[in-house]
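**Q**
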Amino acid sequence: GENVEQHPSTLSVQEGDSAVIKCTYSDSASNYFPWYKQELGKRPQLIIDIRSNVGEKKDQRIAVTLNKTAKHFSLHITETQPEDSAVYFCAASKRGDYKLSFGAGTTVTVRA
Amino acid sequence: KAGVTQTPRYLIKTRGQQVTLSCSPISGHRSVSWYQQTPGQGLQFLFEYFSETQRNKGNFPGRFSGRQFSNSRSEMNVSTLELGDSALYLCASSLVPSDGQETQYFGPGTRLLVL
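Each protein sequence line maps, in turn, to chains A and B.
Going by the numbering used here, the letters in the first sequence line up with residues 699 to 810, in that order.
Going by the numbering used here, the letters in the second sequence line up with residues 62 to 176, in that order.
1. Rounded to whole angstroms, what's the CA-CA distance from A:Ser707 to A:Ile775? Just pull it up for me.
2. Using a C-beta cutoff of 8 Å, does B:Pro169 count as contacting chain A?
3. Relative to the C-alpha of B:Leu104, which residue among B:Gly77, B:Thr75, B:Ser147, B:Leu151 is closest?
4. Do we get a CB-CB distance below 8 Å when we pair B:Gln162 with the residues of chain A?
5. Considering only residues of the same chain and omitting the five flanking positions on each side of A:Lys720, which have a CB-CB separation below 7 Å?
6. List the whole-angstrom C-beta distance separating A:Val711 from A:Thr778, where the pair is believed to meet the contact cut-off of C-beta under 8 Å.
7. Determine the extent of the beta strand (DSSP E) in which A:His705 is found, giving its start and end residues.
8. When we look at the beta-carbon of B:Gln130 and count the other beta-carbons within 10 Å, is it buried (16 or more) or exposed?
9. Return yes when the Cβ of B:Thr81 is within less than 8 Å of the Cβ of B:Gly168, no when it is not.
10. Assuming A:Val806 contacts A:Ala784 (C-beta within less than 8 Å), just tell me the rounded distance between them.
11. Check the Cβ-Cβ distances between A:Lys797 and every residue of chain B, and say whether any is below 8 Å.
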C-alpha cells in the first residue's frame, strides 16, 4: 500500500519566518495530496490540496508544490504567525482507493 | 451547513467490553470514512462506506467493524476491547465523485480510553 513519509517531525520558527514541510509518497498512482492542520484538541482541518495535474497551488500565505517525478510534495507557509502553531499532516490518495494515507505529522511552533 | 458530528465525544471502557461510535456526515455527503489516531501510529484508515457499502478497509483486525445507514449516518463497533484500542476515532465525510477523491471533512472525534 501507499507509504507517506513526512519531515521534519518538529519545526520551530520565528514569527514572520517561513516554514517548509516535505512529504514523499511511494505509490506513483497517487494523484491527490491534501494537507491538514490539527490544533491541540481539535479536528484536522483541510488547509490546501493539490492534484497531480498541477505543480503548484497557492492560497494567501500557504502554498503547496508537487514533484510527480520525484514523488514528493511540500507545504510552504510564509510570514508565519502564532496561530500557525499546530500539527500539520500531509496525505496521499489514488483514484478508486477511497482512503487517505497520512504522514506522521509535523509539530510546528511559531515563536513570538 | 452543520459540520460532521460524532457521538459520544468521550468514552471509558474496560478490556473485553465492546463499544459503538456514531458519526453523522455533513448534509448531502454520502461517503463516510473512519480513522484511528494515536500518538504512536498517527492517523490510520479503518474503513470507508458509501451507499451502505464498505468500499475499502484498512489493516485492522476483525474486531473493528462498521456500517452505514440509508441516511448516510455511520457507526463503527469495536468488540473485545484491548488496551491498545485507546485512541481518538475520527470520522470524515465527503461528497462522492466517481474517483473517490473529494475533500474529506473531519468530525471532532470520539476519544476512547480502555482501562
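Don't be surprised by glycine CBs; every beta carbon is placed ideally from N, CA and C.
A quick note: this is a predicted structure, and the numbers were derived from the prediction, not measured.
**A** Taking the geometry as given:
1. The residue given as residue 707 of chain A occupies position 9 in the first sequence. The residue given as residue 775 of chain A occupies position 77 in the first sequence. The alpha-carbon atoms of A:Ser707 and A:Ile775 are separated by roughly 16 Å.
2. Locating residue 169 of chain B in the second sequence gives position 108, where the first residue counts as 1. Chain A, which has a Cβ nearer than 8 Å to the Cβ of B:Pro169, makes this yes.
3. Mapped onto the second sequence, residue 104 of chain B falls at position 43. Of the listed residues, the one whose Cα sits closest to B:Leu104 is B:Leu151.
4. Here residue 162 of chain B refers to the residue found at position 101 of the second sequence. So, interface residue.
5. Within the first sequence, numbered from 1, the residue matching residue 720 of chain A stands at position 22. Excluding residues within five positions, the ones whose Cβ falls inside 7 Å are His705, His770, Ser772.
6. Working through the first sequence from its first residue, we reach residue 711 of chain A at position 13. Working through the first sequence from its first residue, we reach residue 778 of chain A at position 80. With a Cβ gap of about 5 Å, A:Val711 and A:Thr778 count as contacting.
7. Numbered from 1 along the first sequence, position 7 holds the residue referred to as residue 705 of chain A. Taken as a continuous stretch (DSSP letters only), the beta strand (DSSP E) holding A:His705 covers 702 to 705.
8. Translated into positions along the second sequence, residue 130 of chain B becomes position 69. The displayed chain sequence assigns Phe, not Gln, to residue 130 of chain B. Looking at its Cβ environment, which holds fewer than 16 other Cβ atoms inside 10 Å, B:Phe130 is exposed.
9. By 1-based counting over the second sequence, the position of residue 168 of chain B is 107. By 1-based counting over the second sequence, the position of residue 81 of chain B is 20. Going by C-beta atoms, B:Gly168 is not nearer than 8 Å to B:Thr81.
10. In the first sequence, the residue the question calls residue 806 of chain A occupies position 108. In the first sequence, the residue the question calls residue 784 of chain A occupies position 86. A Cβ-Cβ distance of about 6 Å is found for the pair A:Val806 and A:Ala784, placing them in contact under the 8 Å criterion.
11. Locating residue 797 of chain A in the first sequence gives position 99, where the first residue counts as 1. Interface residue (Cβ-Cβ distance to chain B less than 8 Å): A:Lys797 is classified as such.
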